[in-house]
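In our numbering, the protein residues as written are 987 to 1138.
Heads up, the beta-carbon is just placed ideally off N, CA and C, and yes, glycines get one too.
Values in this document were obtained by computation on a predicted structure and should not be read as measured data.
Shown next, in structure tokens, is the structure this report addresses.
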């Protein structure tokens, strides 16, 4: 769902989001279960509003994830939750980190889906697990390790 932002600058954004989400699921689940998530493509102002309302942080961020509670007895694909991405932050980060816009977008979708699945990066151990899954998922899409130049 495109709310705000210049998302038409990113060709085939819906297909890329689906591929990235599928890659995240493929490295975390082996079950024959169907999943779905809603992805909202918006701008910094809207993400800042969401971040302020739901996380108490009055600033934009690149991606927000809102996991959905499991619905016992529900039929059809399991709804994992919602992801919101901020266009201006995505573009700025891609430029600052010399990354292709499509690759950074795919990384943020993978990151968001992993959050919907319960992964986090609050501790170093959690971050190591989540980053390894991100790298593995992105590799299936032909995208290089986004953390390779960040090693200290």
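Shown here, residue 1064 sits in a strand according to DSSP, grouped into three states.
Secondary structure at residue 1024: strand, using DSSP grouped into helix, strand and coil.
Rounded to whole angstroms, the Cβ separation of residue 1030 and residue 1046 is 4 Å, and the two are in contact under 8 Å. The C-beta of residue 997 has fewer than 16 other C-beta atoms within 10 Å across all chains shown, which makes the residue exposed. Boundaries for residue 1033: no beta strand (DSSP E) harbours it, while the alpha helix (DSSP H) harbouring it runs 1030-1041, taken from the DSSP string. Annotation for residue 1068: 1024 and 1052 place their beta carbon closer than 6 Å to its own, counting only its chain and skipping 5 residues before and after.
When DSSP states are grouped into helix, strand and coil, residue 1103 belongs to the coil group. Here the C-alpha atom of residue 1095 lies approximately 14 Å from the C-alpha atom of residue 1126.
According to DSSP, residue pairing for residue 1053 in a beta bridge involves 1067.
With a 10 Å radius around the Cβ and a threshold of 16 neighbouring Cβ atoms, residue 1098 comes out buried. DSSP lists 1028 as the bridge partner or partners of residue 1072.
Around the Cβ of residue 1105, a 10 Å sphere holds 16 or more other Cβ atoms; the residue is buried. Residue range 999-1012 is occupied by the alpha helix (DSSP H) that includes residue 1008.
In the three-state scheme derived from DSSP, where H, G and I count as helix and E and B as strand, residue 1127 is classed as coil.
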